[in-house]
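Enquirer:
Numbering (my numbering), first residue to last: 429 to 812.
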């Protein structure tokens with residue numbers, strides 16, 4: 429029996445229940461005992477049953493589509509394009525088309541009439557379209573939490589961004605850095621907020637100053653280069669630069685080359701002066717706040733203007749890392765150590781949660797976790 433020939437009646441006979449019970453169990457509707465619902469679904473999967481998407485939409489007055497809202501900068505960022513591909517692929521597995529919404533958004537009522545549910549990725553409290561999307565009257569799943577005051581989403585898929593930045597900071601200090609800096613994203617999204625907060629709390633916990641420079645959420649390589657030049661000119665003791673925005677790492681490398689800083693190595697003398705011994709290999713970040721606009725927080729030694737400050741002459745080592753992996757980091761020279769957020773899998777996870785909520789397989793307010801990995805490469809003295 430193939431997936432093309434299996435019917436609801438076939439499933440009903442195999443499960444020993446009525447056809448209407450099978451329909452209710454598979455749609456998550458009606459009063460069906462949980463044990464019966466699980467048995468029906470197991471039998472349907474074993475037989476290879478696939479619902480008739482067109483008929484299902486007619487019965488439910490469904491549009492057969494879900495909407496995807498990305499940040500306005502998404503069109504030029506590798507991360508969001510891969511995320512979108514993953515979301516589209518997973519939605520299609522449930523017979524749903526994916527509609528890409530204009531960045532400016534539209535009235536919630538108009539959107540609700542065109543889609544069965546919404547994916548809102550990296551919702552920014554300052555994005556005027558987001559409140560209307562969250563209040564559109566259809567299930568909404570966000571990629572990362574929404575920190576604004578509007579109605580909360582039906583579900584969310586989140587990464588531990590504090591832990592990923594902690595892993596980067598631990599890594600560069602283990603490689604010899606004693607004055608790390610972060611080119612932190614502006615804005616009030618959950619990702620940007622977590623990175624800025626973690627830079628401060630990690631610094632305080634380790635007694636190591638973390639210099640913070642705020643750059644645009646989607647900073648270009650040119651903007652990252654300018655910020656890095658200004659950072660290293662103001663504080664030559666900085667020996668590691670972690671850049672947050674996707675695709676901005678090549679700009680940091682260009683700045684280092686222009687200033688004669690050798691990427692990927694720190695001299696033995698510099699490493700031996702690292703205070704506090706080797707750092708923990710912790711994957712748990714903190715949650716405190718940190719200053720913006722170039723202020724340093726976290727520790728006294730080596731702070732700008734302090735007695736522990738060192739100089740960074742031409743030829744001094746500089747470690748470079750990124751909070752987002754992608755084509756720009758993998759193809760750079762040298763390749764850049766980065767956090768791989770697995771964007772395609774993340775897009776799939778967001779779409780899967782929305783599909784599960786729409787089908788009654790997951791309860792509203794469900795929050796799922798998404799994993800990341802640290803890819804160490806030559807830019808921090810690690811083999812690629």
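Backbone N, C-alpha and C define an ideal beta-carbon position, used for all residues, glycine too.
Do the CB positions of residue 775 and residue 693 come within less than 8 angstroms of each other?
Expert: Not closer than 8 angstroms, so no.
Enquirer: Relative to the C-alpha of residue 590, which residue among 571, 623, 603, 561 is closest?
Expert: Considering only alpha carbons, the answer is 623.
Enquirer: Could you please give the first and the last residue of the uninterrupted beta strand (DSSP E) stretch that includes residue 639?
Expert: Residues 638-643.
Enquirer: Are the beta-carbon atoms of residue 573 and residue 618 separated by less than 8 angstroms?
Expert: Yes, they are a contact pair.
Enquirer: Quick check: the segment 563-571 against the segment 763-773, are there 3 or more CB pairs under 8 angstroms?
Expert: The answer is no - the segment 763-773 does not touch the segment 563-571, with fewer than three Cβ pairs under 8 angstroms.
Enquirer: Tell me, please, which residues DSSP counts as bridged to residue 608.
Expert: Its beta-bridge partners are 668.
Enquirer: From residue 602 to residue 596, what does the alpha carbon distance come to, in whole angstroms?
Expert: Cα to Cα, the separation comes out at about 10 angstroms.
Enquirer: Pick out whichever of 662, 807, 782 has its Cα sitting closest to the Cα of residue 523.
Expert: For residue 523, the nearest C-alpha among the options comes from 782.
Enquirer: Cutting at 6 angstroms between CB atoms, please list the residues of its own chain near residue 528, excluding the five before and the five after it.
Expert: Cβ within range, chain order: 496.
Enquirer: Would residue 562 pass as a contact of residue 581 if the rule is Cβ separation under 8 angstroms?
Expert: Their beta carbons are under 8 angstroms apart, which means residue 562 touches residue 581 by this criterion.
Enquirer: Just the Cα atoms here: how many angstroms apart are residue 467 and residue 460?
Expert: Near 11 angstroms, if we compare the C-alpha coordinates of residue 460 and residue 467.
Enquirer: Helix, strand or coil for residue 805, going by three-state DSSP, please let me know.
Expert: Note: residue 805 maps to coil in three-state DSSP.
Enquirer: Nearest by alpha-carbon distance to residue 515: which of 505, 548, 539 is it?
Expert: The option with the nearest alpha carbon to residue 515 is 548.
Enquirer: May I ask you to list the residues that DSSP assigns as paired with residue 464?
Expert: The partner list for residue 464 (beta bridge, DSSP) is empty, contrary to what the question assumes.
Enquirer: If you follow the beta strand (DSSP E) that residue 764 is in, where does it begin and where does it stop?
Expert: Note, residue 764: premise wrong, no beta strand (DSSP E); not H, not E.
Enquirer: Once you ignore the five residues that flank residue 447 on each side, which residues in its own chain have a CB closer than 6 angstroms to its CB?
Expert: Same-chain partners within the cutoff: 436, 437, 440.
Enquirer: Determine the direct distance from the alpha carbon of residue 676 to that of residue 655, and round the result to whole angstroms.
Expert: Rounded to the nearest angstrom, the two C-alpha atoms are 11 angstroms apart.
Enquirer: Please state whether DSSP places residue 646 in a helix, a strand or coil.
Expert: In the structure shown, residue 646 sits in coil (DSSP, three-state: anything other than H, G, I, E or B).
Enquirer: Give me the residue from 755, 604, 465 with the minimum Cα distance to residue 452.
Expert: If we check each option's Cα against that of residue 452, 465 comes out closest.
Enquirer: Could you say if the segment 673-690 and the segment 747-763 meet the contact criterion of at least three C-beta pairs nearer than 8 angstroms?
Expert: Taking 8 angstroms as the limit for Cβ pairs, the verdict is that the segment 747-763 does touch the segment 673-690.
Enquirer: To the nearest angstrom, how far is the alpha carbon of residue 669 from that of residue 646?
Expert: Cα to Cα, the separation comes out at about 17 angstroms.
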